[in-house]
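> Below is one structure. I have some questions about it.
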Amino acid sequence: MNFDRTEERQMLSDTMRRYLSDRYGTEIRNAILESETGMSEEIWSGLAELGLLGALFGEADGGYGGDGFDIAVVFEELGRAGVVEPVLDTAILGGGLVAALGTGAQKAMVDEVIAGTCHLALAHGEPHSRYDLSRVETRATLNGDTITISGRKAVVVNAEQADPLIVSTREYGDADAQDGISLFLVPANALGVTLRGYPLLAGGRAAEVSLDEVIVPADSRLGPAGAAYPALARAVAAANVALAAEVMGAMENAVALTKDYLMTRKQFGRPIGTFQALAHRMADMLIEMEQARSAVINAAGHLGSDAKTRDLQIASARNLLGRVGRLVAEEAIQMHGGIAMTREYELAHIAKRIVMSEHRFGDADYHLERFIELSAA
Amino acid sequence: MDLSYSPEELAFRDDVRAFLDEHVTPELAAKVRGDGELSKADMENWHAVLNARGWLATNWPRDFGGAEWNAVQRHIFEEECAMANAPRIVPFGLTMLGPVLQKFGSREQQDYYLPRILNGEHWWCQGYSEPGAGSDLASLKTRAVRDGDHFVVNGQKTWTTLGQFANWIFCLVRTDLEAKQQEGISFLLIDMDTPGIEVRPIILLDGTHEVNEVWFTDVRVPVENLVGEENKGWTYAKYLLTHERTNIAGVGFSRAGLAAVKRMARNERSGGRPLIENSHFAARLAQVEIDLMAMSTTNLRIISKAAAGEAPGVEASMLKVKGTVIRQEINDLARRAVGPYAMPFASEAVDGDNDPVGPDYAGPLAAQYFNNRKLSVFGGSNEIQRGIIAKVTMGGAG
């Protein structure tokens, strides 16, 4: 048994923390949030140079990590700093899928992702799919050596930056069948692709993507026809590890800010942290944080397990992180008072990252249901 | 024991409903639900509509131009307004300053200010909190020094709601540095056009501008703008706070919010079926509804006591805590109901000439969830309320 980080991971974590604490303060971040692209090219290249994108891929794919714990280390630091740049979308989801399913030629894209010169987005969710991973109604029809794709994709994060988009489609089967789902690499400028972009409440941008009889060559299919679901589920599992770790890092920041505030803010002639009513609530948060830390370790440690074990651990972690995240975000705001609700104060953004992460790939309720389903099976 | 309204009260409710039916347009209701931002003009127009009917100052005596309703009537009105998505009354002049002037103000002050609150000429804001004086309001530091027939005011107020629209501010200022904290405070009325006042916006985490900082640099205020006696302001401030705590449970807002979540949950799909049929979501919804049903009776119990002339005591604090917890829980369910469509940033997701992103009700939900975290912070934080409850019921403990 050994719960220590490897030296390499600890170094990466330290480097990231230094880099981000120097370059990612509230003022800079607020400027990024309001920018047209919702991200900073400078930060993006900086992150690539630090090697953190490479840490998210295995050696066979040109990286030097790719394990659940590599993902956790990187995203914990991204979460701590409240980074809004789309590492999840470009690297974990986009890059992860291309690495898992791509042909030799397609895989050249992974090198570009690692170098920070290519953006990807997974266009998967649909207006009525909510968090159901196998519900895909966008159609793909084979005509000779081309494919025609029609459908609508909802809240596609990083869609405007991405080229190509990775679009999930149904080639056959019922609307919610795992069997029959195919992925396609669709160039951003393909005829019939329309994006309607907008900013997200917790930072970054997304788009509604309409695909209106978009024609792509049949060899732009990523992976086998109708059998992309297992790889999709694996990539989303990795994304869930990333999101859990991101929330963990964000919570650590929220709790650190709250601790400082409780010991410096004076009301009624003494630091408010000396009031037992607040001190005990801080203690409760710290107890729950340790639970969360272990849940992240469980999820990261089982990313490579068989699908059922993996998904049970993932559902468990995201349920727990969802619950603890809400507690920490709300309590941190409450114990600060009004200041935490202002845009100029770091906690406001961190709390938004924590809470809004629940809306990607399932909130605590969804993952509770998943857990019940999987443990009954 | 009789849980139902009297025939007179029911007739009154019908009057209110008919009035709201006529005056709350669908566009206005949509803005109030959060699909847009109420402008200053929207709020002023709504005051004018109510004033024309004599229903603006519901708690003021008729002699001062009020409706002089009892607590039950006010409750019915507030609840119907909330259910109809009518704009909220801007409370600073009407429910806060008005009663203070009526009880402690001079005849001249009553004659001058009260009609101007009603006709909208004066828009008041509240100068209470300071950066160092939040829950511990009595530690405020803004100073007022007598200089001939003026006070000279220096200092800073914060969390001044809608201060950007106000032309008057009522302030707690320190006039005696030697006295014990609560005893050196005075209550001043200040014209916001006086030189030396600067209003700076505070942007909240949902991107909205509803609160401000107000800075005072050598602001000269005529002595006749002092309310009551010098150094007795804390008494008036406390009186005002008891009025701030009416409708504190927000039952109407919770009912409207719950009804909205149910509508959404019938429309949203989960696993291919309506979300409202999802047993986990339905259970959470039911839990809040059960709490709300009980609280609404607690609220009525306290209101009928108040209508019989008994002053609400510690119950007001209890309603504040329970009422805000329930409202915040409903906000949480609302954002959950729409799944990934909670993510778009409302201000751009809903305005402009494009169709809304996702279902038309989804845009403001996550922003409202964050914005309403304020409910348990302002108006005496829930921690302060719990302290009051403990102190009153256990005699000095807590």
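Chains as they are written, first to last, in this note's numbering: chain A, 1 to 377; chain B, 1 to 398.
Using N, Cα and C, we set each Cβ at its ideal position, and we do this for glycine too.
I need the DSSP call for A/Pro271, collapsed to helix, strand or coil.
One-based indexing of the first sequence puts residue 271 of chain A at position 271. Here A/Pro271 sits in strand by DSSP.
> Would you list, in sequence order, the uninterrupted beta strand (DSSP E) runs of no fewer than 3 residues that lie entirely inside the stretch 163-210 of chain A?
165-170, 181-186 and 193-199
> So, A/Gly380 versus A/Gly304, is the Cβ gap smaller than 8 angstroms?
What the structure shows of chain A is the stretch from 1 to 377, and residue 380 of chain A is not part of that stretch, so it cannot be assessed.
> Below 7 angstroms CB to CB, which residues in the same chain sit around B/Thr393 once its five sequence neighbours on both sides are set aside?
By one-based count along the second sequence, residue 393 of chain B stands at place 393. Cβ within range, chain order: Val314.
> Rounded to whole angstroms, what's the CA-CA distance from B/Met264 to B/Glu289? Just pull it up for me.
Along the second sequence, one-based indexing puts residue 264 of chain B at 264. Along the second sequence, one-based indexing puts residue 289 of chain B at 289. So the two alpha carbons sit approximately 16 angstroms from each other.
> Output, in chain order, the set of chain B residues within a Cβ distance shorter than 9 angstroms of A/His359.
Taking the first residue of the first sequence as position 1, residue 359 of chain A is located at position 359. In chain order: Arg335, Arg336, Val338, Gly339, Pro340, Tyr341, Ala342, Met343 and Ala366.
> My parser needs the beta strand (DSSP E) runs of 3 or more residues fully inside the stretch 316-391 of chain B; what are they?
none
> Just to confirm, does B/Lys374 get its C-beta within under 7 angstroms of one of the non-hydrogen atoms of the ligand FAD?
With respect to small molecules bound, the structure shown includes none, and the ligand FAD cannot be examined in it.
> With 9 angstroms as the C-beta to C-beta threshold (strictly closer), list the residues of the stretch 257-278 of chain A near chain B in chain order.
Arg265, Lys266, Gln267, Phe268, Gly269, Ile272, Phe275, Ala277 and Leu278
> Secondary structure at B/Gly127, three-state DSSP: helix, strand or coil?
One-based indexing of the second sequence puts residue 127 of chain B at position 127. Looking at B/Gly127 - three-state DSSP - the assignment turns out to be strand.
> Residues of chain A with a CB under 7 angstroms from the CB of B/Arg269: which are they?
As a position in the second sequence, residue 269 of chain B is number 269, starting the count at 1. Within 7 angstroms Cβ-Cβ: His128 and Arg130.
> Below 9 angstroms between beta carbons is the criterion; list the residues of the stretch 207-235 of chain B that meet it against any residue of chain A, in chain order.
Gly207 and Val211
> Excluding five sequence neighbours on each side, which residues of the same chain lie with their C-beta closer than 8 angstroms to the C-beta of B/Ile302?
In the second sequence, the residue the question calls residue 302 of chain B occupies position 302. Contacts found: Pro312, Glu315, Ala316 and Leu319.
> Mapping the DSSP letters down to three states, classify A/Cys118 as helix, strand or coil.
Against the first sequence, residue 118 of chain A aligns to sequence position 118. Of the three classes helix, strand and coil, the one that applies to A/Cys118 here is coil, per DSSP.
> Within 10 Å of its beta-carbon, does B/Lys40 have 16 or more other beta-carbons around it, so buried, or fewer, so exposed?
On the second sequence, position 40 is the one that residue 40 of chain B refers to. The residue in question, B/Lys40, is exposed, as its Cβ has fewer than 16 Cβ neighbours within 10 Å.
> Using a cut-off of 9 angstroms between C-beta atoms, extract the partners of B/Ser254 located in chain C.
Within the model displayed, chain C is absent; protein chains A and B are what it includes.
> Return helix, strand or coil for B/Trp215, following the three-state DSSP convention.
By one-based count along the second sequence, residue 215 of chain B stands at place 215. In this structure, B/Trp215 counts as strand in the three-state DSSP scheme.
> State yes or no: is the beta carbon of B/Lys262 nearer than 8 angstroms to at least one beta carbon in chain A?
Within the second sequence, the letter at position 262 stands for residue 262 of chain B. B/Lys262 does not count as touching chain A.
> Quick one: measure Cβ to Cβ for B/Val261 and B/Met295, integer angstroms, because I've assumed they're closer than 8 angstroms.
Here the question's residue 261 of chain B lines up with position 261 in the second sequence. Here the question's residue 295 of chain B lines up with position 295 in the second sequence. Their Cβ separation, rounded to whole angstroms, is 17 angstroms, which puts B/Val261 and B/Met295 out of contact at 8 angstroms.
> Between the stretch 157-191 of chain B and chain A, which residues of the former have a C-beta closer than 9 angstroms to a C-beta of the latter?
Thr158 and Trp159
> Along chain B, in chain order, which residues have C-beta atoms closer than 9 angstroms to that of A/Val87?
Counting from 1 along the first sequence, the entry for residue 87 of chain A is found at position 87. Chain B residues near A/Val87: none, gap ~17 angstroms exceeds 9 angstroms.
> Which whole-angstrom value describes the C-beta separation of A/Val216 and A/Ala190, a residue pair presumed to lie in contact below a C-beta threshold of 8 angstroms?
As a first step, residue 216 of chain A is located in the first sequence; it is residue number 216 there, counting from the start. As a first step, residue 190 of chain A is located in the first sequence; it is residue number 190 there, counting from the start. That pair is a contact at about 6 angstroms.
> Anything in chain A within Cβ reach of B/Ile202, meaning under 7 angstroms, just list it in chain order.
Here residue 202 of chain B refers to the residue found at position 202 of the second sequence. Those within 7 angstroms of B/Ile202 in chain A are Thr342.
> Go through its chain and collect everything with a Cβ distance to A/Thr264's Cβ below 7 angstroms, but skip five positions before and after it.
Numbered from its first residue, the first sequence carries residue 264 of chain A at position 264. Result list for A/Thr264: Pro271, in chain order.
> Strictly below 7 angstroms CB to CB, what residues from chain B border A/Gly322?
Within the first sequence, the letter at position 322 stands for residue 322 of chain A. Residues of chain B passing the Cβ test: none, with the nearest at roughly 10 angstroms.
> Within its chain, find whatever has a CB closer than 7 angstroms to the CB of A/Glu77; leave out the 5 residues flanking it on each side and keep chain order.
Translated into the one-based positions of the first sequence, residue 77 of chain A becomes position 77. Ser13, Met16, Arg17, Leu20 and Gly249, listed in sequence order.
> What is the DSSP secondary structure of B/Arg146, reduced to helix, strand or coil?
Stepping through the second sequence from its first residue, residue 146 of chain B is reached at position 146. Here B/Arg146 sits in strand by DSSP.
> For B/Val221, which residues does DSSP report across the bridge?
Numbered from its first residue, the second sequence carries residue 221 of chain B at position 221. BP columns for B/Val221 point to B/Phe151.
> Return the chain-ordered list of same chain residues with a C-beta closer than 7 angstroms to the C-beta of B/Ile326, the five sequence neighbours on each side being excluded.
Counting from 1 along the second sequence, the entry for residue 326 of chain B is found at position 326. So the qualifying residues of the chain are Ser254, Val288, Asp291, Leu292 and Met295.
> If you follow the beta strand (DSSP E) that B/Pro201 is part of, which residue opens it and which one closes it?
Translated into the one-based positions of the second sequence, residue 201 of chain B becomes position 201. That run of the beta strand (DSSP E) goes Ile197 to Ile203.
> Given that B/Ser452 touches chain A, what residues does it touch there, using C-beta distances under 9 angstroms?
Here chain B comprises residues numbered 1 to 398, so residue 452 of chain B is not present and cannot be evaluated.
> With a CB to CB cut of under 6 angstroms and the five nearest residues on each side skipped, what residues in its chain are close to B/Gln385?
Stepping through the second sequence from its first residue, residue 385 of chain B is reached at position 385. Here the set comprises Ser317, Lys320 and Val321.
> So, does the stretch 139-158 of chain B touch the stretch 95-105 of chain B, judging by three or more C-beta pairs under 8 angstroms?
In short, these stretches do not touch, since the Cβ pair count stays below three.
> Which stretch, first to last residue, makes up the beta strand (DSSP E) that contains A/Lys153?
Taking the first residue of the first sequence as 1, we reach residue 153 of chain A at position 153. Segment Thr146 to Val157, the beta strand (DSSP E) holding A/Lys153.
> If we count the other Cβ atoms within 10 Å of its Cβ and call it buried at 16 or more, is A/Glu49 buried or exposed?
Here residue 49 of chain A corresponds to residue number 49 of the first sequence, with the count starting at 1. A/Glu49 is exposed by the Cβ-count criterion.
> Any idea which residues DSSP pairs B/Asp191 with across the strands?
Taking the second sequence and counting its residues from 1, one reaches residue 191 of chain B at position 191. According to DSSP, B/Asp191 bridges with B/Trp168.
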